[in-house]
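Chains as they are written, first to last, in UniProt numbering: chain G, 1 to 378; chain P, 1 to 404.
Written out as structure tokens, the structure is:
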């Protein structure tokens with residue numbers, strides 16, 4: 001099996017599953033319980049929070065545990081605008097966000113908020129001057145993803161953050177779900193107020209996530225109840241998942257020194273794919289080191305994915321979250337305005353677990369399957 | 001190009017005469033502790049300065065570590081370069097660019113101990129000043145009277161040194177230079193702050209905590225250990241005396257009328273703290289009290305409580321507002337620990353309406369029916385003393401270590 005769908009989810013490290021099993025079995029106490037079992041679970045929770053804060057160069061009180069990327073983005077966006085509604089009514093995001101940002105913004109439009117969706121260039125990034133023009137008196141939130149989940153383009157977060165630093169009323173949220181562990185991001189230097197991360201994208205388990213909330217940032221919670229997570233997120237903490245996530249983050253960040261290996265795989269894939277006639281590369285040259293997105297106009301994404309699967313290769317069409325209900329990639333459409341390109345998108349996403357041999361096998365398979373399918377489709 | 005050393009100025013220490021050497025030695029060992037894992041850095045001192053010779057260690061890291069060492073007034077990183085004028089120019093620009101804050105005005109001060117150097121001080125000031133101006137077109141002005149930044153160039157036979165950025169230190173006196181005192185550490189927000197302020201004035205601090213299981217939990221004790229751990233980061237280690245207080249507290253509840261229990265509790269805590277102080281040769285007791293903050297901290301309460309000892313009681317926060325204390329606790333990174341909501345010895349038996357104006361004669365009368373002395377002796381005897389390390393790594397038990 002060649003698993004090249006790491007942007008959809010990653011395979012948990014065995015050590016991470018071990019931690020999960022041990023904590024779930026032995027430290028099952030509710031961290032809010034007063035007795036010793038509760039205290040030891042709480043101790044684990046604190047230690048996980050401290051470790052994650054240290055790894056991200058923040059303080060423990062700025063770490064809020066969530067159930068993952070979707071919840072993180074919902075809590076950050078809805079929470080921030082509801083808490084700041086008296087300051088204004090306007091949100092800025094981009095055309096090219098994850099569904100959990102776009103759909104959240106759309107639902108806020110129903111509530112009466114106004115949203116500006118910034119366009120993206122052919123490189124898949126926004127232009128700072130567009131953002132500057134979009135800012136209004138009543139802008140309260142800017143939400144921009146760091147690394148795009150479909151094509152791997154990297155937004156100029158630092159530039160944006162530095163510009164926004166002069167607007168104290170505007171909260172700056174970054175969806176860092178695809179970037180964490182792959183493309184470094186300095187929260188302080190980038191003046192980020194809110195930052196979403198998800199455990200299962202860095203070899204942790206599903207149902208775990210982190211929302212960074214800079215101190216003094218106000219959020220109105222999505223869930224009310226027992227006031228866990230500094231009142232931002234009620235609900236009994238998923239201690240085992242959180243401990244496992246702390247370990248996964250440590251292990252992943254330790255591997256960041258292998259970033260050049262991942263980049264090498266990507267460079268190889270990009271240059272080989274370019275040579276194949278009929279393949280159009282959608283990922284920008286300067287993109288993230290783990291995502292290669294390309295189109296084979298004429299062959300529908302879904303068909304090609306299944307063809308690759310026959311050879312034991314697992315890739316994906318667009319973002320996994322959108323691929324079930326929509327056939328086309330909105331991101332690629334927004335970038336190139338080309339329908340045949342947008343409906344034939346293939347995404348290969350790697351992790352530190354992949355190697356060059358696998359990449360070679362994939363290129364081989366792409367060439368073979370294309371030849372076979374093009375005969376049938378024409 | 002690399003930074004060669006960091007200049008450390010003492011501030012208030014310079015005014016101390018006889019004890020000077022011991023002060024300087026204490027500070028030196030303290031600085032060594034702060035940078036002990038940076039193997040190449042060396043600490044040396046002259047009469048009124050101390051130097052950290054970097055020998056290749058990152059100067060920013062070193063500054064970050066020693067900035068908080070008590071007794072340091074200010075720090076300046078210094079570059080060491082060759083005598084070639086072009087090299088000096090490049091270095092001046094480099095120094096300028098690494099400043100944490102961009103100055104608007106500057107001046108250059110050159111000192112030449114090597115009079116054979118081809119340029120004299122005026123020429124140097126012009127040459128280097130001109131170079132900085134050219135490379136910062138329009139954004140920089142010379143101001144010789146009151147510059148934001150004064151770049152100092154020192155020309156010696158062996159090398160040229162550049163310095164000038166002044167980074168503020170923590171101030172205060174070196175840890176331990178003022179003697180030893182006992183800190184009553186409850187687990188609340190105030191007492192750790194009082195501890196830090198005392199250490200800043202050179203006190204060596206030992207902590208005392210009153211533990212009343214099952215009325216207070218294991219967690220509240222752990223919280224105090226965590227706080228002590230934070231305090232220990234100042235100089236590497238701290239003692240924490242944990243006093244078993246349950247029996248006395250139960251007896252107070254039985255014997256003393258409800259609205260006087262708080263006053264009596266404080267009096268007994270103070271008596272025990274004083275006995276522990278005597279045993280450990282301290283000379284004062286430190287509390288986190290702030291005037292009027294709660295019932296036990298009114299002037300009348302202090303008057304009634306303080307009666308039991310004539311040992312100096314230091315109250316560094318006595319005139320500080322709660323909001324300011326919270327800000328200090330946040331800065332010292334103890335707020336988060338203190339804010340965990342566990343019952344502690346001060347809260348669990350708080351009566352509904354404690355006396356805010358207790359009277360000495362009344363509390364003496366109520367306490368007169370019991371002999372607390374043997375119980376105090378027993379509490380002191382059974383006190384458990386922990387030595388808490390200030391090492392950065394958590395001292396949690398190892399069984400959970402591999403979960404992370």
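Beta carbons are placed, not taken as given, at the ideal position from N, Cα and C, and that holds for glycine.
For residue 175 of chain P, DSSP assigns no beta-bridge partner whatsoever. In this structure, the straight-line span from the alpha carbon of residue 274 of chain P to that of residue 248 of chain P is close to 16 Å. Annotation for residue 328 of chain P: 193 place their beta carbon closer than 7 Å to its own, counting only its chain and skipping 5 residues before and after. DSSP places residue 117 of chain G inside the beta strand (DSSP E), whose first and last residues are 114-118. DSSP lists G:173 and G:213 as the bridge partner or partners of residue 194 of chain G. Residue 246 of chain G has a beta carbon lying within less than 7 Å of a beta carbon in chain P. Burial state of residue 370 of chain G is buried, judged by a 10 Å Cβ sphere holding 16 or more other Cβ atoms. In this structure, residue 246 of chain G keeps its C-beta atom at 7 Å or more from the C-beta atom of residue 289 of chain G.
With its beta carbon less than 7 Å from one in chain P, residue 243 of chain G belongs to the interface. The Cβ atoms of residue 291 of chain G and residue 179 of chain G do not sit closer than 7 Å to each other. Per the C-alpha coordinates, the member of G:287, G:171 and G:295 positioned closest to residue 276 of chain G is G:295. Shortest Cα-Cα distance from residue 3 of chain G to any of G:32, G:310 and G:190 involves G:310. Residue contact check for residue 404 of chain P against chain G: a CB pair falls below 7 Å.
DSSP places residue 161 of chain P outside any alpha helix (DSSP H); the residue lies instead in the beta strand (DSSP E), whose first and last residues are 160-163. Following the DSSP letters along the chain, one finds residue 206 of chain P inside the beta strand (DSSP E) bounded by residues 204-211. Of all residues in the segment 201-223 of chain G, none places a beta-carbon less than 7 Å from a beta-carbon of chain P. Taking 9 Å as the upper bound on Cβ-Cβ separation, chain G lies near no residue of the UniProt domain "THUMP" (60-166) of chain P. Cβ atoms of residue 211 of chain G and residue 76 of chain G come within 8 Å of each other, at about 6 Å.
For residue 86 of chain P, no beta strand (DSSP E) encloses it; the enclosing alpha helix (DSSP H) starts and ends at 85-97. The C-beta of residue 61 of chain G comes closer than 7 Å to at least one C-beta of chain P. Going by DSSP, residue 265 of chain P is part of the alpha helix (DSSP H) stretching over 258-279.
Going by DSSP, residue 384 of chain P is part of the beta strand (DSSP E) stretching over 384-389. For residue 220 of chain P, no chain G residue has a C-beta closer than 8 Å to its own C-beta; the minimum C-beta separation is roughly 10 Å.
At a beta-carbon threshold of 7 Å, the residues of chain P lying near residue 36 of chain G are 218, ordered along the chain. Going by DSSP, residue 341 of chain G is part of the alpha helix (DSSP H) stretching over 339-342. Among the CB atoms of chain P, one or more fall inside 7 Å of the CB of residue 39 of chain G. Flagged as an interface residue toward chain G: residue 336 of chain P, by a C-beta distance shorter than 7 Å. Residues of chain P with a Cβ closer than 8 Å to the Cβ of residue 44 of chain G are, in chain order, 400 and 403. For residue 283 of chain P, same chain residues with a beta-carbon under 6 Å away, outside a window of 5 residues either side, are 179 in chain order. Listed along the chain, the chain P residues whose CB falls inside 7 Å of the CB of residue 23 of chain G are 403. CA-to-CA, the gap between residue 110 of chain G and residue 183 of chain G works out to about 34 Å.
For the segment 48-80 of chain G, residues whose beta-carbon sits nearer than 9 Å to a beta-carbon of chain P comprise 48, 50, 51, 59, 60 and 61. Three or more pairs of CB atoms, one per stretch, sit closer than 8 Å, so the segment 230-240 of chain G contacts the segment 14-33 of chain G. A straight line joining the alpha-carbon of residue 242 of chain G with that of residue 15 of chain G spans about 14 Å. Apart from sequence neighbours up to five positions away, the residues of its chain that approach residue 387 of chain P with a beta-carbon distance below 7 Å are 237 and 239, ordered along the chain. In summary, residue 374 of chain G is exposed, with fewer than 16 beta-carbon neighbours lying within 10 Å of its beta-carbon over all protein chains present.
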